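Counting along the sequence shown from 1, when you hit position 177 you're at 177 in my numbering, and nothing is skipped either side.
Where is the CB? At the ideal position from N, CA and C, for every residue including glycine.
Nothing here was measured: the structure is a model prediction, and the numbers come from that model.
Working notes for the structure below.
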Amino acid sequence: MKILYRIMSVIFVLALWLSCNPEKAPALPDSLPEQVQPSPLHTRHIMLLVVDGLQSGALEKTRAANINGLGSAGVRVDRMCVMPPDSRAAQIYSVFSGVEPARHGYLNTGDQPKVENILSLLQKRDNDTLLIDGTGELRGSMAGLKYFQSDNYEKDEQLIDLAIKEISGRKPFFSVIVLSGPYRAMQHYGEESSGYLEAVEDADNQLGRLLGYLHEQGLYEDTLVVVCGTVGKPPLVIRGREFAAGKTLPAVSNTDIAPTLAYLQGIEMPGASGLILWDALQPGPGRPETYMLQQRVKDLSGAYAGILDEAGRLERKRIEVQEEKARLTQDKYTMEREMKLRDYRIDKLNLTVRIMKIGFVVTLALFIIALFVQFKVLKKRYLFFT
């Protein structure tokens, strides 16, 4: 107990001495040394690879090592929904614009689109863009791009050769390559044919050449790669720093691609009807996981409300059509009754006319007979010889 009292006395004396001599107390630094934070890694290149005619089922039936590998390393969507019409030109432009075909208006080659696409928006921000279209379906739709090539390439190999050459020379920030081999094979052989599956494998090999080039140039890790199809039941695969790894999402729309890329680049696409794929993104500065979850729920709720509004509009339209149909049916019955009444009156008049004609003929015949009889009688009465 005495030892405890001695310790407390020493502590009290020391505290009293420090309070009387503050200059003797050890000084704390004005601020703690800042920890050096590693600078975040950014995407240096975005590459959108559109494989015309690629179907989700084909990736399961073939090796497609490159596309499936991207899906394993990033985000995979087995079903990407598309809105009609089932036109290649319309679906490709929906991917670029984030708008369904009925609104963007680019339905066939040569049409003038009504909305801007992500390439033109990036170019307005002084980002270099490159578009090489191997289908020939985009002629006339991308006027104003610094580099735009659209032709019907017979082989995807030629297209990839050109893509590697132009990317190497121009070093664009946003590249779009549209391959057409699988679509031609699907039209010629059928979706379940071995010829179509071989075309899918060939397209995958050509994409592998392009990815190999990115590896050689040290660009692969800094490149955001998006692979998608066009018509039918196409897949969607995304791999990049901003996206989750090894994640599979439920069905999305092809109009969701452009708004998601635009969000990551800080570009507004106010006319887009697609949604940002918040559940595909990695948490990052300004977008914690809870925020992204809230935004996804908010967007889906808004989309659901829009669907309900559209369903209500269609239901009201259906009711109007039913009412118009009932009115037209009633008018039809009324007209049929009036026509029957008219026909009855016409038949009655025709019968009257026929009776009058018969009566006239009978009367005329009787009159002639009467004249003849009267002539005979008068002849006997007044003539003395016959």
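Please state if the CB of residue j and the CB of residue i are separated by a distance shorter than 8 Å.
i           : j           : result
residue 234 : residue 83  : no
residue 95  : residue 130 : no
residue 106 : residue 134 : no
residue 100 : residue 273 : yes
residue 53  : residue 183 : yes
residue 211 : residue 62  : no
residue 191 : residue 55  : yes
residue 43  : residue 268 : no
residue 179 : residue 206 : yes
residue 122 : residue 322 : no
residue 252 : residue 76  : no
residue 202 : residue 156 : yes
residue 326 : residue 97  : no
residue 311 : residue 275 : no
Given residue i, which residues of its chain have a CB within under 6 Å of its CB, disregarding the five upstream and five downstream residues?
i           : result
residue 214 : 220 and 223
residue 239 : 70, 73, 74 and 225
residue 324 : none
residue 232 : 55
Report back the beta-carbon spacing between residue i and residue j to the nearest angstrom; my notes put them in contact at under 8 Å.
i           : j           : result
residue 50  : residue 230 : 6 Å
residue 65  : residue 204 : 7 Å
residue 138 : residue 120 : Not a contact, Cβ separation roughly 13 Å.
residue 181 : residue 199 : 5 Å
residue 160 : residue 88  : Not quite, the Cβ-Cβ distance comes to about 19 Å (not below 8 Å), so this is no contact.
According to DSSP, what are the bridge partners of residue i?
i           : result
residue 129 : 174
residue 45  : 223
residue 253 : 81
residue 238 : 75 and 226
residue 243 : 281
residue 51  : 179
residue 150 : 133
Below 7 Å CB to CB, which residues in the same chain sit around residue i once its five sequence neighbours on both sides are set aside?
i           : result
residue 148 : 131 and 142
residue 92  : 50, 137, 138, 178 and 230
residue 245 : 73 and 74
residue 186 : 53 and 196
residue 314 : none
May I have the straight-line CA-CA distance separating residue i from residue j, to the nearest angstrom?
i           : j           : result
residue 260 : residue 227 : 14 Å
residue 109 : residue 188 : 21 Å
residue 289 : residue 90  : 34 Å
residue 271 : residue 299 : 15 Å
residue 339 : residue 351 : 18 Å
residue 59  : residue 67  : 8 Å
residue 114 : residue 332 : 42 Å
residue 128 : residue 111 : 25 Å
residue 118 : residue 45  : 14 Å
residue 28  : residue 285 : Confidence at residue 28 is low in this model, with a pLDDT of 37, below 50, so its placement is unreliable and no value can be given for it.
residue 318 : residue 354 : 52 Å
residue 369 : residue 363 : 10 Å
residue 371 : residue 360 : 16 Å
residue 248 : residue 328 : 52 Å
residue 382 : residue 373 : 14 Å
residue 296 : residue 287 : 12 Å
residue 85  : residue 103 : 12 Å
residue 216 : residue 171 : 14 Å
residue 342 : residue 348 : 10 Å
Using a Cβ-Cβ cut-off of 8 Å (strictly less than) and excluding sequence neighbours within five positions of residue i, which residues of its own chain qualify?
i           : result
residue 292 : 278, 279, 281 and 283
residue 162 : 132 and 149
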